[in-house]
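To start, the structure under review is shown below, and the notes come after it.
Residue numbers (my numbering): 21 to 597.
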């Protein structure tokens with residue numbers, strides 16, 4: 021490891037600990053938004069998309085279930101929030117050296133802080149979207165793999181790219197797609213077929229289960245593009261917010277300093293200056309993409325993110341009704357993150373130019389201010405922005421033991437949305453942990469309930485899983501018939517989450533088998549054989565299972581073969597006279 025790499029890694033570690041420090045200083049978990057880590061995640065067929073149900077976090081759930089057999093869940097969360105920031109710092113430093121040539125630490129630091137410390141990172145951390153964040157922090161490595169890390173080693177270029185694309189896709193579909201786009205835009209034109217092929221194989225682990233899931237219904241669009249459209253953080257409008265990598269749709273999580281027009285204007289001006297510096301930089305010596313392609317990457321990411329906010333939401337909704345994969349763009353702000361690469365390189369180029377002109381009055385001070393600007397303009401990211409630790413009550417382990425002894429499908433009650441505000445977790449709304457904390461098939465009402473900040477109206481993003489609709493219809497029956505209706509579709513248990521302040525939905529005939537301060541498990545009795553009737557416990561055909569397995573083997577096979585190829589290349593290099 022070179023001295024420059026060690027310095028970059030050290031800065032990344034400092035940044036990571038400044039952000040996650042409170043988590044490392046005690047026990048428990050950060051539980052907020054979509055961030056669901058559990059003490060012991062069971063390995064189920066659904067973890068890999070093999071149960072025919074609509075996949076939610078495939079294959080990440082499967083990997084977490086395997087990893088926490090060796091690493092406690094609390095430690096696993098800390099590592100998965102810290103290591104991506106360190107990796108991003110090292111990758112960004114190498115990218116600066118690859119594109120701009122050898123540069124002093126202060127120049128690389130400007131780029132590293134731009135990538136690791138920005139409003140996009142903070143909002144997605146506060147939303148609990150840790151996997152999306154981890155995948156996004158791999159983008160500097162995707163760019164490096166696409167353009168070639170250096171002039172040598174081109175025989176393993178495909179392996180490096182394949183490994184990065186698989187790792188990005190494992191994190192989330194959106195980060196997998198972003199990594200492929202980065203590689204396509206920045207890679208050599210002659211490599212486009214190879215990049216497309218590697219990108220397709222790398223994304224198979226989540227793509228195949230999503231396409232063949234027996235419970236996958238038509239993707240819902242409706243008002244969701246408008247509801248998830250980026251928002252203006254201040255009175256300056258949405259464009260300056262996006263230019264500074266802000267503009268999240270969730271206004272309740274906007275960092276307080278981003279509500280100040282002067283802060284938003286300053287970050288937007290710095291971004292504009294960085295892009296101008298990149299456009300004027302001479303990148304011809306590196307043999308990689310010219311400034312035009314870097315700027316095109318940033319412009320494309322900005323356009324995708326801005327489109328729903330600038331009147332394009334109805335158009336996207338209409339197109340997604342015909343082309344279902346476009347529904348992925350409903351949270352368009354996720355796809356802004358590739359723009360961080362040209363911004364980081366541009367800021368590094370600007371700082372390098374100011375250092376070269378340090379004889380001019382104020383040039384050195386301005387360069388130092390630009391390096392520190394990401395932190396100075398966003399201090400609230402430091403020290404775990406508003407996140408506090410919580411520990412799971414013993415109820416989850418007790419209910420899990422009952423379900424392992426007498427398996428059966430579980431419906432979580434109250435049946436009203438999938439986000440909970442448990443008192444034991446600090447009263448913060450976060451995704452119900454029951455499907456990951458408990459074994460077997462656990463169903464929650466996975467509709468998303470939003471309040472449109474523009475109109476104040478409730479927007480309901482409907483479930484795309486027919487099993488959820490079957491449960492809702494069974495619960496709509498009279499109280500004395502609900503138990504039979506639930507058993508008829510394969511449900512055995514009700515898990516009642518207590519103390520949420522949500523309306524009770526009684527089911528006659530349910531027998532308590534566990535009662536604790538936070539959870540109550542009710543047994544409805546053994547369901548009758550399905551005999552061809554609709555069931556919440558999917559029984560996918562063998563052909564579908566084989567397709568999903570083939571997708572997992574394809575993606576993880578590429579990861580394994582690519583890693584072995586890289587390691588063999590390095591070993592051969594060490595032994596070459």
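The beta carbon of each residue, even a glycine, is placed where N, CA and C say it ideally should be.
Between the CA atoms of residue j and residue i - distance to the nearest angstrom
i	j	result
residue 266	residue 347	22 Å
residue 405	residue 590	41 Å
residue 80	residue 37	24 Å
residue 562	residue 72	10 Å
residue 524	residue 537	16 Å
residue 23	residue 250	41 Å
residue 601	residue 320	In the structure as shown, the chain begins at 21 and stops at 597. Residue 601 is therefore absent and cannot be evaluated.
residue 308	residue 159	16 Å
residue 172	residue 31	Note that residue 172 scores a pLDDT of 43, beneath 50, so its modelled location is shaky; the value from the coordinates is reported in the next line. Using only the alpha carbons, I get a separation of about 27 Å.
residue 336	residue 131	33 Å
residue 480	residue 34	41 Å
residue 329	residue 277	22 Å
residue 341	residue 350	12 Å
residue 297	residue 588	40 Å
residue 121	residue 306	7 Å
residue 259	residue 63	44 Å
residue 460	residue 543	15 Å
residue 152	residue 184	14 Å
residue 494	residue 519	24 Å
residue 84	residue 576	15 Å
residue 353	residue 547	44 Å
Same chain, Cβ closer than 7 Å to residue i, neighbours up to 5 away in sequence not counted
i	result
residue 454	432, 462, 464, 515
residue 377	383
residue 468	481
residue 313	205, 206
residue 291	263, 264, 363
Span of the alpha helix (DSSP H) around residue i
i	result
residue 299	281 to 300
residue 341	333 to 342
residue 598	For residue 598 there is no data in the structure shown, the boundaries of the chain being 21 and 597.
residue 101	93 to 120
residue 556	Per DSSP, residue 556 belongs to no alpha helix (DSSP H) and is neither H nor E.
residue 6	Here the chain covers residues 21 to 597 and nothing more, so residue 6 does not appear.
residue 251	It is not in any alpha helix (DSSP H) - residue 251 carries neither H nor E in the DSSP assignment.
residue 355	Note, residue 355: premise wrong, no alpha helix (DSSP H); not H, not E.
Residue range of the unbroken beta strand (DSSP E) whose run includes residue i
i	result
residue 535	531 to 535
residue 416	Premise fails: residue 416 lies in the alpha helix (DSSP H), 415 to 425, not in any beta strand (DSSP E).
residue 517	511 to 517
residue 469	468 to 471
residue 28	Taken as a continuous stretch (DSSP letters only), residue 28 belongs to no beta strand (DSSP E), being part of the alpha helix (DSSP H) at 23 to 44.
residue 539	539 to 543
Other residues of its chain near residue i: CB distance less than 8 Å, five sequence neighbours each side excluded
i	result
residue 98	40, 43, 44
residue 304	310
Chain-order list of residues whose beta-carbon lies under 6 Å from that of residue i (same chain, five-residue window excluded)
i	result
residue 157	104, 108
residue 500	528
residue 522	434, 436
residue 66	73
residue 198	358
Integer Cβ distance of residue i from residue j, believed to fall under 8 Å
i	j	result
residue 133	residue 531	Not a contact, Cβ separation roughly 58 Å.
residue 311	residue 326	Not a contact, Cβ separation roughly 22 Å.
residue 534	residue 419	6 Å
Contact test: residue i Cβ vs the ligand FAD heavy atom, cutoff 7 Å
i	result
residue 384	No copy of the ligand FAD appears in this structure; indeed no ligand is present at all.
Handout entry: Given 8 Å, three or more beta-carbon pairs between the stretch 128 to 142 and the stretch 392 to 408
Key = Cβ pair count under 8 Å is three or more, so yes.
Exercise for the section: Determine, using beta-carbon pairs with one atom in the stretch 201 to 210 and one in the stretch 244 to 263, whether at least three such pairs fall under 8 Å. Expected result: In this structure the stretch 201 to 210 does not lie against the stretch 244 to 263, because fewer than three pairs of beta carbons, one per stretch, are closer than 8 Å.
Practice task
Report yes or no: do three or more beta-carbon pairs, one from the stretch 378 to 393 and one from the stretch 482 to 502, lie closer than 8 Å?
Solution key: At 8 Å Cβ cutoff, the stretches do not touch.
Problem - Segment contact flag, the stretch 486 to 494 with the stretch 440 to 458, C-beta cutoff 8 Å, min 3 pairs - result: No contact exists between the stretch 486 to 494 and the stretch 440 to 458.
Practice task
Spell out a yes or no on whether the stretch 357 to 372 and the stretch 271 to 288 are touching, meaning 3 or more CB-CB pairs, one atom from each, closer than 8 Å.
Solution key: No: fewer than three Cβ pairs fall under 8 Å.
Exercise for the section: Check whether the stretch 176 to 196 touches the stretch 347 to 357, taking contact to mean three or more Cβ pairs, one atom from each stretch, closer than 8 Å. Expected result: For the pair of segments examined, the stretch 176 to 196 was found to touch the stretch 347 to 357: the number of CB pairs separated by less than 8 Å reaches three.
Practice task
Decide yes or no for the touch test of the stretch 559 to 576 against the stretch 59 to 76: beta carbon pairs closer than 8 Å, at least 3 of them.
Solution key: The stretch 559 to 576, when compared against the stretch 59 to 76, does touch it at the 8 Å Cβ threshold.
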